[in-house]
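Add 33 to the 1-based position in the sequence shown for this note's numbering, that's all there is to it. Working notes for the structure below.
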Amino acid sequence: METPPAAAPAPLPPPARPSTPSYTVECIFRDFTCRRAALIRALTTDEKAFSRKYNAGTESLYLYGNSDGNWELRPPKLLMPPGQPDPRMFGIKLVRGNMKHPKWLAYIATHCDAWLIRISFFLGANLGTQASRQHLSALINSLQTVHEAFVASDTYHRICHLEKMNVEIEDEDEGCGTEPTVCASCGNHYRRNGFWICCDECDRWFHGKCVKVTAAQAEHIGHYECPECCSDKKGHDYNVDPLLSVLYKRY
34 METPPAAAPA
44 PLPPPARPST
54 PSYTVECIFR
64 DFTCRRAALI
74 RALTTDEKAF
84 SRKYNAGTES
94 LYLYGNSDGN
104 WELRPPKLLM
114 PPGQPDPRMF
124 GIKLVRGNMK
134 HPKWLAYIAT
144 HCDAWLIRIS
154 FFLGANLGTQ
164 ASRQHLSALI
174 NSLQTVHEAF
184 VASDTYHRIC
194 HLEKMNVEIE
204 DEDEGCGTEP
214 TVCASCGNHY
224 RRNGFWICCD
234 ECDRWFHGKC
244 VKVTAAQAEH
254 IGHYECPECC
264 SDKKGHDYNV
274 DPLLSVLYKR
284 Y
């Protein structure tokens with residue numbers, strides 16, 4: 034009697050895929066709003082505390098807006114998982130360089146928006162339908178961005194005002210050396226970014242706007258005389274600089 038052939042071994046089940054937690058639109062949007070609120074507060078209400086912690090840091094720091102509504106600064110994790118890690122593990126890297134304080138905070142705000150969007154779309158990748166993803170996008174777009182909220186805040190206007198005052202003080206200090214300190218026409222202090230012109234007769238300096246001379250016009254004037262020196266001079270020869278005859282007709 035023949036022995037029946039052995040049955041073929043049953044195929045192995047496919048390897049189990051790593052479980053991905055399921056999120057609803059409402060859950061993802063709630064996570065987005067909590068993190069967003071934390072980041073806005075860090076750059077506005079808590080701006081002084083945020084700047085103090087950053088300035089006290091001795092290593093690279095990242096800003097995190099947590100799902101519990103709190104923000105924190107901390108260094109990056111030393112060990113990162115292989116592959117494409119969860120974007121929630123990465124915060125916003127704080128790099129300042131030579132940027133002024135208002136511009137630096139606005140720069141951070143734009144990266145906060147990019148970070149929030151990345152997290153939301155990472156969590157929303159497994160939403161079942163296109164309609165769900167569109168609904169999530171509409172909810173997110175119904176809110177101000179972190180950048181928009183920051184530039185509209187009182188904090189932003191305050192630090193811009195302080196920055197402007199500091200620049201004016203620096204300009205006045207720079208004008209106290211060899212540069213002219215006051216306009217001989219209006220008496221206002223020297224400003225570094227304004228156009229000034231020096232009279233070749235009396236050696237006094239003037240705002241270009243006070244003597245109605247622009248920087249472009251000054252390039253074509255070989256010998257400049259202020260209106261007062263011209264009025265004191267009898268028989269002034271405008272043929273030396275014909276452009277002056279046009280300029281002084283305005284006075």
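Beta carbons are placed, not taken as given, at the ideal position from N, Cα and C, and that holds for glycine.
The three-state reading of DSSP puts Cys-231 in strand, counting E and B together. Here Tyr-95 is not near Phe-65, since their CB atoms are 9 angstroms or more apart.
In the DSSP annotation of this structure, the continuous segment of the beta strand (DSSP E) that includes Arg-107 starts and ends at 104-107.
Per DSSP, reduced to three states, the secondary structure at Ile-150 is helical.
Membership of Leu-96 in the beta strand (DSSP E) is indicated by the continuous run 95-98. For His-180, the enclosing alpha helix (DSSP H) starts and ends at 179-184.
Here DSSP, grouped into helix, strand and coil, assigns His-240 to strand.
In the DSSP assignment, His-168 falls within the alpha helix (DSSP H) that extends over 163-174.
The closest CA to that of Trp-104, considering only Asn-88, Asp-79 and Val-128, is found on Asp-79. Spanning the alpha carbons of Ser-186 and Lys-126 requires a straight line of approximately 23 angstroms.
Counting along the chain, the unbroken alpha helix (DSSP H) around Arg-63 starts and ends at 58-76. For Tyr-257, no alpha helix (DSSP H) segment is defined, and its DSSP state is neither H nor E. Between the stretch 158-167 and the stretch 126-137, the count of C-beta pairs closer than 8 angstroms stays below three; the two stretches do not touch. Excluding five sequence positions before and after Ser-218, the CB atoms of its chain that fall closer than 7 angstroms to its own CB belong to Phe-239, His-240, Cys-243 and Val-244, given in chain order. Going by DSSP, Ser-218 is part of no alpha helix (DSSP H) at all; its letter is neither H nor E.
Excluding the 5 residues flanking it on each side, Phe-62 has same chain C-beta neighbours closer than 6 angstroms at Leu-172, in chain order. Distance from Ile-152 to Pro-120 at the Cβ level is roughly 5 angstroms; contact confirmed, criterion being Cβ atoms closer than 8 angstroms.
Beta-bridge pairing by DSSP links Lys-126 to Tyr-95. Beyond the five residues adjoining it in sequence on each side, Ser-100 comes within less than 8 angstroms, by CB distance, of Asp-64, Cys-67 and Arg-68 in the same chain, given in chain order. Your pair Cys-216 and Cys-259 does not check out as a contact, with CB atoms roughly 11 angstroms apart and the cut at 8 angstroms.
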